[in-house]
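Enquirer: So that we are looking at the same thing, I have put the structure below in C-alpha cells.
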Amino acid sequence: AQKVTQAQTEISVVEKEDVTLDCVYETRDTTYYLFWYKQPPSGELVFLIRRNSFDEQNEISGRYSWNFQKSTSSFNFTITASQVVDSAVYFCALSEALLSGSARQLTFGSGTQLTVLP
Amino acid sequence: AAGVIQSPRHLIKEKRETATLKCYPIPRHDTVYWYQQGPGQDPQFLISFYEKMQSDKGSIPDRFSAQQFSDYHSELNMSSLELGDSALYFCASSLTPASSTDTQYFGPGTRLTVL
Numbered sequence: 009a010q011k012v013t014q015a016q017t018e019i020s021v022v023e024k025e026d027v028t029l030d031c032v033y034e035t036r037d038t039t040y041y042l043f044w045y046k047q048p049p050s051g052e053l054v055f056l057i058r059r060n061s062f063d064e065q066n067e068i069s070g071r072y073s074w075n076f077q078k079s080t081s082s083f084n085f086t087i088t089a090s091q092v093v094d095s096a097v098y099f100c101a102l103s104e105a106l107l108s109g110s111a112r113q114l115t116f117g118s119g120t121q122l123t124v125l126p
Numbered sequence: 455a456a457g458v459i460q461s462p463r464h465l466i467k468e469k470r471e472t473a474t475l476k477c478y479p480i481p482r483h484d485t486v487y488w489y490q491q492g493p494g495q496d497p498q499f500l501i502s503f504y505e506k507m508q509s510d511k512g513s514i515p516d517r518f519s520a521q522q523f524s525d526y527h528s529e530l531n532m533s534s535l536e537l538g539d540s541a542l543y544f545c546a547s548s549l550t551p552a553s554s555t556d557t558q559y560f561g562p563g564t565r566l567t568v569l
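Heads up: the sequence lines are chains B and G, in that order. Per the working numbering, residue 9 is the first one in the first sequence, and the count goes up by one each step. Per the working numbering, residue 455 is the first one in the second sequence, and the count goes up by one each step.
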C-alpha cells in the first residue's frame with residue numbers, strides 16, 4: 009500500500025521568508041510518480057509539479073523549487089521569498105506505476121496549511 | 455487553456471434525496487477521476503474511467519454510481535444521501551494513462567451540502 013505523510017499540519021511565515029514543506033512517501037513500486045498540488049481558499053486544486061521516480065533531478069520554477077531524494081523517500085517543496093498569495097493548503101500526492109488498461113489514482117498526504125503574513 | 459468543467463458548483467440536498475454531479479474533461483482527455491474531500495481532509499479517490507470503461511474503484515459507497523459517456527464527460531450519481539456525504543467533490547482528467555504527460559488536472563469542484 010502507498011502512503012504519503014506531510015508532518016507539518018500548519019506553517020506560518022512572514023512575507024519574504026523562505027519556507028519548506030516536507031513530504032515523505034511509502035510505496036513498494038520501483039516506478040511511481042510524485043505531485044504537488046495547491047489548494048487556495050477558493051477551493052480548487054492547482055497542479056504545481058510532477059516528478060517521475062526515475063528522474064531525481066531537482067527542479068526550480070521561479071520562486072518554487074523541489075528536492076526529490078529517493079534515498080530518504082522525500083519530495084520537499086520550497087518557496088523562496090514567500091508572498092501573501094502563497095497562502096494555501098499544499099498537498100503532496102503519489103501515484104503508482106500504471107498497469108495496462110488502468111488509470112492511476114492519486115494518494116494524497118493530509119496537506120500543509122501555509123499562511124504567509126504581511 | 456480549457457480546464458475541467460464541473461456542474462453544478464454548489465448543491466444543497468435533503469437526506470435521502472439523490473444528486474447528480476457532472477464533469478466535462480479537458481478536450482482530448484480520455485480519463486476521468488472522481489475524488490471526495492471532506493472538511494479539513496485530503497481528497498479521497500472514488501472511481502475512475504478510461505475510454506468509457508470503469509478503470510479503478512476506491513472508497514466509493516454502494517449508494518454512488520458513475521459512468522463516462524461517449525463524449526467523455528462523466529456523471530456521478532449519488533442516492534439515499536446522508537449527512538456524511540457533505541463534501542467537496544472533485545473531478546480530474548488526464549490523457550491516456552500510458553502517456554508520459556499523464557497528469558491529473560482538477561476541476562473547481564462541486565460543493566455538496568446535505569441537510
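The beta carbon of each residue, even a glycine, is placed where N, CA and C say it ideally should be. Being a predicted model, the structure only gives us computed values, none of them experimental.
Using only CA atoms, which one of G:C477, G:V568 and G:H483 lies nearest to S534 (chain G)?
Expert: For S534 (chain G), the nearest C-alpha among the options comes from G:V568.
Enquirer: Can you check the region 34-102 of chain B for any alpha helix (DSSP H) of at least 4 residues that lies completely inside it and give the ranges in chain order?
Expert: Fully enclosed alpha helix (DSSP H) runs of 4 or longer: not present.
Enquirer: Can you tell me whether R112 (chain B) is buried or exposed? The criterion is at least 16 other CB atoms within 10 Å of its CB, across all chains shown.
Expert: It is buried - the Cβ of R112 (chain B) has at least 16 other Cβ atoms within 10 Å.
Enquirer: So who's on the other strand from K180 (chain B), going by DSSP bridges?
Expert: The question about residue 180 (chain B) has no answer here: the residues shown for chain B are numbered 9 through 126.
Enquirer: Compute the beta-carbon to beta-carbon distance between L542 (chain G) and G117 (chain B), rounded to the nearest angstrom, for a pair I have assumed lies under 8 angstroms.
Expert: L542 (chain G) to G117 (chain B), Cβ: 17 angstroms. No contact.
Enquirer: Checking contacts by CB at 7 angstroms: is Q10 (chain B) closer than that to chain G?
Expert: Output row for Q10 (chain B): interface = no.
Enquirer: Spatial neighbours of A15 (chain B) within its chain, please: CB distance less than 8 angstroms, with the 5 preceding and 5 following residues excluded, ordered by chain position.
Expert: Counting only Cβ-Cβ distances below 8 angstroms, and skipping sequence neighbours, we find D30 and V32.
Enquirer: Which chain G residues sit within Cβ distance under 7 angstroms of E52 (chain B)?
Expert: In chain order: F560, P562 and G563.
Enquirer: Quick check on this structure: which residue in B:P126, B:T35, B:N60 and B:A96 has the alpha carbon closest to the alpha carbon of L53 (chain B)?
Expert: Nearest option by C-alpha distance: B:A96.
Enquirer: For a contact meaning CB atoms closer than 9 angstroms, what does L114 (chain B) contact in chain G?
Expert: Here the neighbours are Y487, Y489, P497, F499, A546 and Q558.
Enquirer: Give the C-beta separation of Q558 (chain G) and Y487 (chain G) to the nearest angstrom, bearing in mind that I take them to be a contact with Cβ-Cβ under 8 angstroms.
Expert: Right, the Cβ-Cβ distance comes to about 6 angstroms (below 8 angstroms), so this counts as a contact.
Enquirer: If the cut is a Cβ gap below 9 angstroms, which residues of chain G does F83 (chain B) touch?
Expert: Chain G residues near F83 (chain B): none, gap ~15 angstroms exceeds 9 angstroms.
Enquirer: Are any of the Cβ atoms in chain G nearer than 7 angstroms to that of S110 (chain B)?
Expert: Confidence at S110 (chain B) is low in this model, with a pLDDT of 49, below 50, so the placement of that residue is unreliable and no value is reported for it.
Enquirer: Taking Cβ-Cβ distances shorter than 7 angstroms, what residues in chain G pair up with R58 (chain B)?
Expert: Going along chain G in sequence order, the residues near R58 (chain B) (Cβ under 7 angstroms) are T557.
Enquirer: Could you list the residues in the region 86-104 of chain B with a C-beta less than 7 angstroms from some C-beta on chain C, going in chain order?
Expert: Here the protein chains are B and G, and chain C is not one of them.
Enquirer: So if DSSP puts V458 (chain G) in a beta bridge, which residue, or which two residues, is it bridged to?
Expert: In the DSSP output, where bridge partners are listed per residue, V458 (chain G) has none listed.
Enquirer: Candidates G:Q495, G:P562, G:R470 and G:G563: which alpha carbon is nearest F422 (chain G)'s?
Expert: Residue numbering for chain G in the displayed model covers 455 to 569; residue 422 (chain G) lies beyond these limits and cannot be assessed.
Enquirer: Which term fits S524 (chain G), buried or exposed, when burial requires 16 or more other beta carbons within 10 angstroms of its beta carbon?
Expert: By the 10 Å Cβ count, S524 (chain G) comes out exposed.
Enquirer: Taking the alpha-carbon positions, what's the D496 (chain G) to T485 (chain G) distance?
Expert: Going by the C-alpha atoms only, they are around 21 angstroms apart.
Enquirer: In chain G, which residues lie with their C-beta within 7 angstroms of the C-beta of S118 (chain B)?
Expert: Within 7 angstroms Cβ-Cβ: D496.
Enquirer: For the beta strand (DSSP E) containing K24 (chain B), name the first residue and the last one.
Expert: Taken as a continuous stretch (DSSP letters only), K24 (chain B) belongs to no beta strand (DSSP E), as it is neither H nor E.
Enquirer: Applying the 10 Å Cβ sphere with the 16-neighbour rule, what's the burial state of H436 (chain G)?
Expert: Because chain G is modelled from 455 through 569, residue 436 (chain G) falls outside the range shown and cannot be assessed.
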